[in-house]
Amino acid sequence: MKLIDENYPTKVARLLGMSRQHMHYYLKKLEKAGLVKRTGPRWPAFYETTEQCKKFLSGCEGLTPSFVFRLHNCVFKYPILQEPAVLVDWRRVEKMNWSSLIGSELGLTVEQTTRHVLVYCDVVEGMDPCELLLLAKDAADRVAAHLRLKYGIRLGEGSLARKVHFGVYDPVAALVSRYWQVSDDVAKVDESEGFGEVDWLSVEAAKDYLLMPQNVKRLIQIQEKFANAMNEHLRLIEALQALTQKMDKVIEKLSSKVNSEEAFT
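In this note's numbering, the protein residues as written are 409 to 673.
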C-alpha cells in the first residue's frame, strides 16, 4: 500500500514484478472496495490510500496469532493388502456406482472403499508446516495400526489422498475474501472457515510465505547495491566525457598550431 502512495501504477507493477494489466485490475478492485482513490484526472494516474484503508492497516499492526499455520483438509489413503478378518461395524454409505464404509477409530473419521482405507486427520496448528504434516501422518499411521489389531485388515504405506491446506490468517486476505475469492494451483483465499485466510496447497509454498520478508529484504539489498554500482558507473562515464572534452580541446589547439606553421612556411 505504501508503494501505491509513492509511485504511479506502472512503476508499482514493475516493483512488484507483475504486469500493468494485473496492476490496473487490482487497483480497480481496491478502488471499488474504497481502499484507494485516484488523486487527479491527468495521466499518468496516481492513487493514494483512503482513510478507511489506513485505519485497516493500523489495526493490522501488532497482530500476533497463537499459530502461524493451520493444517486441514488432510487425508491419507492406505491400500488394502488383505481384507478384514472380522466384520467391520461401520456405517455403509452409497455412492454413485459403489458404496463405502465410514466409521470412527481413535477419534478420527475412517472410510473404507473397494481398494483403500482413508483416514481423515484432525486440524493441527503450529509454526512449521513440515512438522504439522508429520504429526498428521503419525496420527493416521496409528489408526492404520489400530485397524490391523482390531479387524485384522492389512494395509500398505499411506500417502496423501488430496492436496492439503496450510491455512494462515492474513489481515489482507481477511479483507479481500469479503468481496471475492481467489484460487489457483498454489493457494486460495476465502472465508471457508468463517474468517479470511490464505490456504497454501504445498509445504514449499507455505515455507516461501514464511521466507517472504527475508526475500524482500534481500531484494532491497540487491537493488541498493545495483543502484550504487550504477551511480559509480555514471560517475565513470562523466569522467570519461570530461576527459574526452579536454582531449578534443588539446587536439584542436595542436591542429591550429600545425596549420599556422604550414601557412608560415
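For every residue, glycine included, the Cβ atom is placed at its ideal position computed from N, Cα and C.
Simplified DSSP assignment, three categories, for residue i
i: T472; result: Residue placement at T472 is poorly supported in this model, since its pLDDT is 47, which falls under 50; the coordinates are not used for a value here.
i: R643; result: helix
i: E565; result: coil
i: D549; result: helix
i: K445; result: strand
i: V494; result: coil
i: L618; result: helix
For residue i: DSSP bridge partner residues
i: E519; result: I510, L526
i: T652; result: Answer is none; T652 lacks a bridge partner.
i: H573; result: H480
i: R500; result: L509
i: T457; result: V444
i: D593; result: Paired residues: none, contrary to the question.
Cβ-Cβ distance between residue i and residue j below 8 angstroms
i: K436; j: P537; result: no
i: L479; j: V444; result: no
i: V501; j: S508; result: yes
i: E513; j: H554; result: yes
i: A493; j: L526; result: no
i: G566; j: F484; result: yes
i: G442; j: T457; result: no
i: V496; j: Q520; result: yes
i: L563; j: I488; result: yes
Extent of the continuous beta strand (DSSP E) to which residue i belongs
i: P487; result: 483-490
i: V532; result: 532-534
The alpha helix (DSSP H) enclosing residue i, as first and last residue numbers
i: K437; result: 428-440
Distance cut-off 7 angstroms: residue i Cβ against heavy atoms of the ligand MN
i: I510; result: In the structure on display, the ligand MN does not appear, and there are no ligands present to speak of.
Closer than 8 angstroms to chain C by CB, residue i
i: L644; result: Any reference to chain C falls outside this structure, which holds one protein chain only.
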